[in-house]
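*Asks:*
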Amino acid sequence: MAKKRAKIGDQISFTRKDCTCEGIVEIVRDSSVIVEVSKEFAERLGYDTPKTVVRHSNYSILASSETA
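Sequential numbering from 159 applies to the sequence shown in my numbering.
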């Protein structure tokens, strides 16, 4: 059975640099999503921007935009 893909507005969780991060999906692509994380997560990860790309196989959906 295929893993359910996130939709725009869904809250997801993923691991980056041994840190579990949460963010909101902004764009869905064929093999990944673009996620906005909090400024605190972005700073902790050393990012210049609070947006990052996450492959579909590397996240879990915490809350659907339809139920959030």
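Even glycine gets a Cβ: it sits at the ideal position worked out from N, Cα and C.
Computed from a predicted structure; not experimentally measured.
#1: May I ask you to report which of helix, strand or coil DSSP gives S215?
#2: So if DSSP puts T210 in a beta bridge, which residue, or which two residues, is it bridged to?
#3: Which same chain residues end up closer than 7 Å to K175 when comparing Cβ atoms and leaving out the 5 residues on each side of it in sequence?
#4: Can the beta-carbon of S222 be found closer than 9 Å to that of K165?
#5: Just verifying my parser: in three-state terms, what is the DSSP assignment at M159?
*Replies:* Working from what's here:
#1: Correct three-state label for S215: helix.
#2: In DSSP, T210 forms a bridge with V193.
#3: The residues are L203.
#4: A contact, by the Cβ cut-off of 9 Å.
#5: Any answer about M159 is weak, because its pLDDT of 49 lies below 50 and its placement is not dependable; what the coordinates show is given next. DSSP places M159 in coil when its eight states are reduced to three.
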